[in-house]
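In this note's numbering, the protein residues as written are 529 to 1264.
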């Protein structure tokens, strides 16, 4: 948009840090320094302070729903294993000469750079940091003056702004709290409007002047607190010291980093009995006189606007608006200007005079296999199945903001009539703040960064007028109505209720579940009539532990040898659903593995007619297969291919020559990561499930390919490229 495609962008990195503290190349900042290991799998000690849903990650990941309808689409995009990493970009940039660094998030990436490239510190001229709270007093949560009713202050007067964690840590600011250890050696600190302050300082210093146009500056002696007294304890909270003869990274025994480290926003160590304010100081930018202090400049106050007639009370606000409205270096275009005939057209099929098949809902966690399953269901004859709705879970293989990819896929296939409901972002029975079981999924390659972009292919899909939006209303729990509350993203349970109300009296719903069972368990628990409405459930997931001693697929948790990802991502939900009286057909891991040959599916797709959707699936399969063959971080790609089996069996039934067995099973859900999610035979169980044990793999691959290559119910708009051609020319006016 801004005409700066020349600027490098670094993302992530999958290098590791050994247990001894050796830092390998290209370590990404997915995890804080204290929790970094040899993979990008890890908990959320600090980042759980950030809400996952409204007002938190979901809104930020989508820019509150504005991004998709406003920003133009450039030629650059994320591509697996080709994306420059953060360390590569920093090394290349700072090696070239004197560089100013502005940090406006957590400091992990830059801390790793300083530790691994100390010889390049000489090229770092200044560091400007947005973060910290020095001599600050939070005005949020204070009781109004002259109040007559009782009022309990919340964050009022705190040094920090952790509104989700002030009861355990009232001292930290979000950016520093995200990785306190990585901040403790930083140089210059600013607490707000960092870019403006930095530009003003650089401009003034170039002219031989000291001072800042927007902020009052003061030198202070500052340190960042990384652990809590008493120091030298070994209570299991501090992996830099606990159980080690030699502390990691050469840290000093009994030093300021050796105390208790806050292990989450509900850490009991950090609570003070009888008080709503906690005692922990992790991430606190504290003014001290001790030897570990750094002498730095701090912006202590924003300067008042010199124009007393201006409605803007700060000098920075005035400059900020002037800069935005300046013609110099202005943006080239937004999406509408890039494509002047961009019309937000919704495609809906015409199924008049056709017999409609049984109503289906797919519940998915947006893994690549789920999208292939979705396309397959959309290709199935409407006389066989009628896809009525999609439920997405936010505690599986993709972050919930990836719901936009679902909308785009539906738009491509001409099915903008199908509602999409957003499910929970956490497992059943776990805190809404946190990552719990979802922490078993890699943050980097082969994990979230790939699923959230559909391995770089999402941007090739046409852009749907439907998208996640943060619009909301008081009716649905918002503090106030937004501009367009009718555009609010519906929840999974709301979509379920809407579909249920539209059914004919004789109709029932069949559900295909392709992810963790959180949404389905919520339906079972919240709708007393669910069991009478659900005809049957096809459940893709689970691994039945038997005498053959075959293993599960949770490669990120070596201690859990027999679980399967969909079950482990929400064990309690799995227990509720699988041990219910519902009619369930289980498509377990052992069967999925018989449908997971890239070579066979690619061969089958090569010999059918080309359709836009068959081409897209083949492109995705070729990419996953190539990644699996060449990169160890993608060894598990075939497990996504096996997930398609559930959709195929639902549609084809006896055509793939299935073999079913009735089994009585139980699910382990005891909050123990090494055993949770395992399925065991339990002959005493009151309920049984049908288990797909075998089928004709030859027939399976043939029918998948034939369906995708069928010219019926094919894509109505093939790609974003085709969409741009349509948007670039005026619509044809029909005469008469």
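The C-beta atom is built at its ideal place from N, Cα and C for all residues, glycine as well.
| Item | Value |
| --- | --- |
| Three or more C-beta pairs below 8 angstroms linking the segment 1066 to 1085 and the segment 938 to 957 | no |
| Coarse secondary structure for residue 917, derived from DSSP in three states | strand |
| For residue 908 and residue 883, the rounded distance between their alpha carbons | 13 angstroms |
| First through last residue of the beta strand (DSSP E) which encompasses residue 892 | 886 to 892 |
| Closest by C-alpha distance to residue 1185, when choosing among 1229, 902, 646 and 933 | 1229 |
| Residue 1254, enclosing alpha helix (DSSP H) - first and last residue | 1248 to 1255 |
| Interface flag, residue 1186 vs chain D, CB-CB below 8 angstroms | As a matter of chain content, chain D is missing from the structure shown, which is built from one protein chain. |
| Integer-rounded CB distance, given that residue 1204 should sit under 8 angstroms from residue 1049 | Not confirmed; about 15 angstroms, so no contact. |
| Limits of the alpha helix (DSSP H) - the one that residue 939 falls within | 931 to 940 |
| Enclosing alpha helix (DSSP H) for residue 520 [first to last residue] | Within the shown structure, residues of the chain are numbered from 529 to 1264, placing residue 520 beyond reach of any answer. |
| Sequence ranges, beta strand (DSSP E) only - wholly within the segment 807 to 886, length at least 3 | 813 to 815 and 822 to 830 |
| Run of the beta strand (DSSP E) containing residue 979, from where it starts to where it stops | Counting along the chain, residue 979 falls outside any beta strand (DSSP E), though it belongs to the alpha helix (DSSP H) covering 976 to 979. |
| Given 8 angstroms, three or more beta-carbon pairs between the segment 656 to 674 and the segment 782 to 793 | no |
| Opening and closing residue of the alpha helix (DSSP H) in which residue 1127 lies | 1126 to 1134 |
| Expected contact under 8 angstroms - CB spacing of residue 1195 and residue 1102 to nearest Å | 5 angstroms |
| Given 8 angstroms, three or more beta-carbon pairs between the segment 628 to 647 and the segment 704 to 714 | yes |
| Whole-angstrom C-beta distance between residue 1246 and residue 867, which should lie under 8 angstroms | Going by Cβ atoms, the distance from residue 867 to residue 1246 rounds to 17 angstroms, so no, they are not a contact pair. |
| Option nearest residue 1096 by Cα separation, candidates 680, 914, 582 and 1198 | 1198 |
| C-alpha distance - residue 618 paired with residue 849, whole-angstrom precision | 30 angstroms |
| Stretch-stretch touch, CB-based, cutoff 8 angstroms, three pairs: the segment 1211 to 1228 with the segment 917 to 937 | no |
| Contact set for residue 1082: own chain, Cβ-Cβ below 8 angstroms, skip 5 residues either direction | 968, 1088, 1091, 1092, 1093, 1096 and 1205 |
| Pair within 8 angstroms by beta-carbon distance, residue 627 and residue 539 | no |
| C-alpha gap between residue 717 and residue 827, whole angstroms | Its pLDDT being 35, under 50, residue 717 is placed unreliably in this model, and the coordinates cannot settle the point. |
| Stretch pair the segment 884 to 899 + the segment 924 to 936: three plus CB contacts closer than 8 angstroms | yes |
| Nearest to residue 581 (by Cα), restricted to the options 591, 574 and 573 | 591 |
| Given residue 1188 as reference, the closest of 1044, 1145 and 1113 once Cα atoms are compared | 1113 |
| Whole-angstrom distance between residue 653 and residue 640, CA atom to CA atom | 18 angstroms |
| Whole-Å CB distance - residue 562 paired with residue 819, under 8 angstroms assumed | Not a contact, Cβ separation roughly 22 angstroms. |
| Touching by the beta-carbon criterion (3+ pairs, under 8 angstroms), the segment 1237 to 1246 and the segment 1138 to 1148 | yes |
| Secondary structure of residue 1189, DSSP reduced to three states | strand |
| Endpoints, beta strand (DSSP E) assigned at residue 656 | 652 to 657 |
| Three-state secondary structure assigned by DSSP to residue 1209 | strand |
| Expected contact under 8 angstroms - CB spacing of residue 1271 and residue 903 to nearest Å | With the chain represented from 529 up to 1264, any question about residue 1271 goes unanswered, as that position is not in the structure. |
| Range covered by the beta strand (DSSP E) that runs through residue 747 | 743 to 752 |
| Cβ pair residue 568, residue 975 closer than 8 angstroms | yes |
| 8 angstroms contact criterion, which residue 1248 and residue 886 should meet: CB distance rounded | Wrong, their Cβ atoms sit about 33 angstroms apart, outside the cutoff. |
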